Amino acid sequence: MRTLCASTLIGEFFVIGFAGLVAMQMSDLSTATIWTVSGIAMLLSLLLCGMLTRPGGVTLGWALQAALIASGFVVPAMFFLGVVFAALWWASVHFGRKIDDAKARWAAQSGAAGDASGEPAGKPA
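Take any residue in the sequence shown, note its place counting from 1, add 1, and you have its number in the working numbering.
Structure, rendered in structure tokens:
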């Protein structure tokens with residue numbers, strides 16, 4: 002799950018940065034306002050990448066997604082992006098857990114096969 006969620010957060014980082022550039026050209030908001038909102042969101046997405054394996058990391062990811070939706074009150078385009086990011090976050094968590102379960106089953110089967118043949122786990126017999 003960590004890899005999939007981290008990839009989603011890195012993608013969010015870049016999309017938010019590009020969205021900030023677009024918002025500067027398309028809105029009457031000041032550059033400082035746009036980059037304050039975008040910059041904080043970008044920084045938090047990067048910091049969260051390193052915190053995913055810690056307890057509460059996924060919950061913090063949900064908090065970030067809620068904050069991105071709420072940032073739409075300052076930069077209206079962020080409502081749409083926030084909802085899209087929340088959907089991506091859900092998919093990353095949901096499918097990431099399924100991938101982790103499949104990897105754990107595969108590792109257990111490989112370990113059991115290795116024990117039965119007398120070979121170290123992971124090496125072909």
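Built from N, CA and C at the ideal position, the CB exists for glycine as well. A quick note: this is a predicted structure, and the numbers were derived from the prediction, not measured.
Below 8 Å on the Cβ atoms is my guess for residue i versus residue j; work out the distance and round it to an integer in Å.
i	j	result
V85	C6	Actually they do not touch by this definition, with Cβ atoms about 16 Å apart.
A88	A20	That pair is no contact at about 16 Å.
So, using beta-carbon positions, are residue i and residue j closer together than 8 Å?
i	j	result
G83	G73	yes
S46	L10	yes
L69	A42	yes
Take the Cβ of residue i as the centre, count every other Cβ of all protein chains shown within 10 Å, and call the residue buried at 16 or more, exposed below.
i	result
Q26	exposed
A24	buried
W107	exposed
L65	buried
What is the rounded straight-line gap between the Cα of residue i and the Cα of residue j?
i	j	result
A92	L49	17 Å
G51	V59	11 Å
Given the structure, does residue i come close to the ligand FMN, in the sense that its CB is under 7 Å from one of the ligand's heavy atoms?
i	result
W36	No copy of the ligand FMN appears in this structure; indeed no ligand is present at all.
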